[in-house]
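So the sequence shown is numbered by UniProt numbering: it starts at 1 and just counts up by one. See below for the structure under consideration.
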Amino acid sequence: MIRTLLALDGALIRGALAFVLTIEDDIDVVAELDRIEQVESAIRSSRPDVAVVDSGLYGTGRSAGTAPHYEQPCPVLVLVDTRRPRALGGALHSRSRNVGFLGNDVPPQRVVDGVRRLARGEPVVDAELVVAALNTESPLTARETEVLEIAADGSPVVEIAARVGLSPGTVRNHLSRIATKAGARTRIEAVRIAHDAGWI
1 MIRTLLALDG ALIRGALAFV LTIEDDIDVV AELDRIEQVE SAIRSSRPDV AVVDSGLYGT
61 GRSAGTAPHY EQPCPVLVLV DTRRPRALGG ALHSRSRNVG FLGNDVPPQR VVDGVRRLAR
121 GEPVVDAELV VAALNTESPL TARETEVLEI AADGSPVVEI AARVGLSPGT VRNHLSRIAT
181 KAGARTRIEA VRIAHDAGWI
């Protein structure tokens, strides 16, 4: 039986994946978490064979895909937001053999297969995700890059507009397009993603 820990943001997604895994004869979900801080103690108490972790949690406070703050005692399958795979570029270059990567939009059976393969010590990497992660070309225009670099220091829209010679409305439009390209929900998140990807 493959003892599996889930650390995923969102109770609905976590519950659905737990259901998919537990209907398999050889997989047992021993813990379900929504915060990375809970993982260390949960691993000590439940002793999973594999942990399935959301990249948003796995990368909290650091570049996505880098090692979490606790010593990693079991293989980890990281489910990556496919809208922003570039943040995993460095991790894919130097990744441990017991860390696998799949897009968070893969069919559930791919996650089941990934858990089994990691438990056997086999590599798990989504080829399309690797290609996207290693493609470091920025999707931002020169003007969008300029706007985002100024926004990175916390400057308000009016100040950004004055510094680049644009109207505040145009700056807001640039920030909106930047967020869309980065797959971000906020300006702060867009700055972090762009920085991790090497766009700024």
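For glycine and all other residues, C-beta sits at the position ideal for the given N, C-alpha and C.
C-alpha gap between Arg-143 and Leu-129, whole angstroms: 28 angstroms
6 angstroms Cβ shell around Val-76 - same chain, five flanking residues per side excluded: Ala-51, Val-53, Val-99
Can you pull the DSSP bridge partners for Leu-148? Note: Leu-148 sits in no beta bridge, so no partner.
Between the C-alpha atoms of Ile-23 and Val-164, what's the straight-line distance to the nearest angstrom? 57 angstroms
By alpha-carbon positions, which one of His-195, Ser-55, Arg-177 ends up nearest to Gly-10? Ser-55
Kindly indicate the opening and closing residues of the alpha helix (DSSP H) around Thr-4. That residue, Thr-4, is in no alpha helix (DSSP H); its beta strand (DSSP E) goes 2–7.
Quick check on Asp-28: does DSSP put it in helix, strand or coil? strand
Output the boundary residues of the beta strand (DSSP E) element that contains Ala-184. Taken as a continuous stretch (DSSP letters only), Ala-184 belongs to no beta strand (DSSP E), as it is neither H nor E.
Quick one: using the 10 Å Cβ neighbour count with 16 as the cut-off for buried, is Gly-121 buried or exposed? exposed
Tell me, please, which residues DSSP counts as bridged to Phe-101. Val-78, Val-125
Would you call the stretch 158–174 in contact with the stretch 192–200, where contact means no fewer than 3 C-beta pairs closer than 8 angstroms? no
With DSSP run on the structure shown, which of helix, strand or coil describes Val-50? strand
Going along the chain, which residues of its own chain have a beta-carbon closer than 7 angstroms to the beta-carbon of Val-30, five neighbours each way excluded? Arg-3, Thr-4, Leu-5, Ser-46, Pro-48
Tell me, please, which residues DSSP counts as bridged to Leu-33. Ala-7
If we count Cβ pairs, one from each stretch, closer than 8 angstroms, do we get three or more for the stretch 144–153 versus the stretch 174–184? yes
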